[in-house]
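Here is the structure we will look at, set down as structure tokens.
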Amino acid sequence: MVAVTLLLVLAYFLPSLVAVVRGHQSSLEIVTCNLLLGWTVLGWVVAFIWSLTAARWEATVVVKERFHSVHDAEVPRRLDQR
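Residue numbers (our numbering): 1 to 82.
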């Protein structure tokens, strides 16, 4: 009985665990959504899909003594992806 309860709790908080382990930038919001709305199936699904989305990080690049904000989605990974 204890094992089943533990398994159900882990399944309930799976979106939160995925977000924290992946280092998602919105992990606090995902945990909140999971905690407050996870009991509805729709809330759990939203939190789970959100935890699987790619995190977009912002970097600051210095070019000729000026600062530019660059999102990683705008920076090509390789030259052939331009």
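By construction, the Cβ of each residue, glycine as well, lies at the ideal position given by its N, Cα and C atoms.
Using only the alpha-carbon positions, how far apart do L10 and N34 sit?
12 Å
Does DSSP classify A3 as helix, strand or coil?
helix
Please return the same chain residues whose Cβ sits closer than 8 Å to the Cβ of L37, not counting the five positions on each side in sequence.
G43, W44, V46, A47
Does A19 pass the burial test, meaning 16 or more other C-beta atoms within 10 Å, or should it be called exposed?
buried
My output table needs one value for G38: the three-state DSSP class, helix, strand or coil.
coil
With a threshold of 16 other CB atoms inside 10 Å of the CB of I49, please say whether the residue is buried or exposed.
With fewer than 16 Cβ atoms within 10 Å of its Cβ, I49 is classed as exposed.
Run the CB neighbour count on V41, radius 10 Å, all protein chains shown included, and call it buried at 16 or more, exposed below.
Answer is exposed; the Cβ neighbour count stays below 16.
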